[in-house]
Amino acid sequence: MPPACLQSPVGLALLAEAKRLSTSPDIRLILADWLEEQGESEVAALMRLSLSSRAWMPFPQSVQTRWTPFNICRSGWLGIQITRGVVYLPHTPWLSALRICGKLELPQLEQIAEIGEATQLLFLACETSGLADDGLQRLGQLESLSYLDGLDITDNGITDRGIERWLASPTRPRLTEWVLCRNLLTGAAARLIAHSPLADHLIRLDFKDNALGASGAVALTRSPRLQRLEWLRLSNNAIGDVGAIAFSVSSYLPRLRELYLRDNGLRQIGMSVLERLRNRGVRVDS
C-alpha cells in the first residue's frame with residue numbers, strides 16, 4: 000500500500016499542475032521537495048535523479064514494500080515496471096510512467112488504454128513487446144494515450160511502414176521524447192518523422208541500432224520542423240562521413256546540445272568535421 004501522503008490534497012494539486020505543465024521540470028522538482036517534507040526523502044531523491052538522467056531508476060529495497068505497486072521512476076515521474084503482460088494496476092494519477100518489458104498481446108493494449116485514461120499516463124515503454132507495425136498503429140489510435148509525452152518502443156520489429164501509419168493517425172500523442180532503438184528503420188523513417196507535425200514538439204529522439212544511413216541523417220539535418228530538438232542519438236546507423244558532414248554544415252537544429260554518433264563507420268574526415276559542432280557548444284559522442 001503506497002504511503003498515505005499520496006492522498007493529500009496538496010500533493011494531488013501539485014501533481015495535477017506538474018502534469019499540466021509536463022514539459023517543464025520545475026513543478027516536478029517542487030513535487031519531489033514536497034515528498035521529502037512528508038518524510039519520503041529516498042523517493043524524492045530518486046525522482047530528481049531520474050529527471051536529470053532521463054533513465055529508468057528502480058526504487059531502493061528500503062522503500063519497495065511500502066510503496067508497492069510503485070517500483071520505478073522515469074523523468075521525475077512515479078511509475079510501475081512489469082515483465083509479464085499487463086496485470087491489474089491502480090487507477091491513480093500518481094501512476095505517470097509505465098514500463099512493460101516482455102511480450103504484449105494486442106488485446107492487452109486496451110488495458111493500457113484504460114490505464115492511460117484513468118491516470119493521464121505521461122511515459123509509456125513497451126520494450127521487446129512484439130508490437131510490430133500493427134501494434135504501433137493501434138497505440139496511435141488510442142485517444143486515451145493523448146497525454147503521453149514520451150514513448151519507448153525499443154526492439155519491436157517496427158518498420159518504416161509502421162512509422163508512416165503512426166504519423167498518419169489523427170489521435171496519436173504529441174510526443175516530446177521518442178525512443179526507437181533496435182528496430183528495422185531506414186532513412187525513409189527519418190524523413191517521415193523529420194517532416195511531420197510531430198517533429199515540431201520533439202525534444203529527444205533516439206534511433207540507436209537502426210539502419211538510417213546517410214540519407215536519414217541528411218533528412219534530420221535539413222528539417223525546418225526540429226526546432227526544439229535538444230538530444231539526438233544515431234549510434235550504429237551507418238550514417239558514415241556523409242552523415243557527419245551533414246550535421247556539421249546544417250543551419251537547422253538550433254537547440255541541439257547532445258549528439259551521439261558512435262559506431263557509424265566514421266573516418267578521419269567525418270571525425271574532423273564534427274569539431275565544428277563542438278565549437279558551437281554541441282556535445283558530440285563519436
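Everything in the sequence shown is counted per numbering that gives the first Met the number 0, starting at 0 for the first residue and increasing by one. Glycine included, each C-beta is placed from N, C-alpha and C at the ideal position. These numbers come from a predicted model, not from an experiment.
For residue 204, DSSP records a beta bridge to 177, 231. For residue 165, the secondary structure class from DSSP, reduced to helix, strand or coil, is helix. Taking a 10 Å sphere around the C-beta of residue 51, we find fewer than 16 other C-beta atoms and assign the residue as exposed.
One thing to note: residue 175 has its Cβ no nearer than 9 Å to the Cβ of residue 192. In the DSSP assignment, the residues bridged to residue 100 are 126. Residue 283 carries a strand assignment under DSSP once its states are collapsed to helix, strand and coil.
Look at residue 148 here: in three-state DSSP terms it is coil, with no helix or strand label. Contact between residue 155 and residue 129 holds: their C-beta atoms lie close to 7 Å from each other, under 8 Å. Leaving aside the five residues that flank residue 243 on each side, the residues in its chain whose CB is nearer than 7 Å to its CB run, in chain order, 260, 265, 269, 272, 273. By the C-beta density criterion, residue 46 is buried, having at least 16 other C-beta atoms within 10 angstroms. Within the same chain, and ignoring the five residues on either side of residue 276 in sequence, the residues whose Cβ sits closer than 7 Å to its Cβ are 246, 247, 258, 283. Closest by C-alpha distance to residue 231, out of 219, 223, 240, is 219. If you keep only unbroken beta strand (DSSP E) runs of at least 3 residues inside the region 237-261, you get 257-259.
According to the DSSP secondary-structure assignment, residue 56 is paired through a beta bridge with 72. When Cβ pairs closer than 8 Å are counted between the two stretches, the region 119-129 is seen to touch the region 92-110, the count reaching three or more. Its Cα nearest to that of residue 222, the residue 199 stands out among 177, 55, 199. Rounded to whole angstroms, residue 49 and residue 73 show a C-alpha spacing of 5 Å.
Burial is judged here by how many other beta carbons sit within 10 angstroms of a residue's own beta carbon; residue 61 has fewer than 16 and is exposed.
Taken atom to atom, the span from the alpha-carbon of residue 255 to that of residue 15 is near 30 Å.
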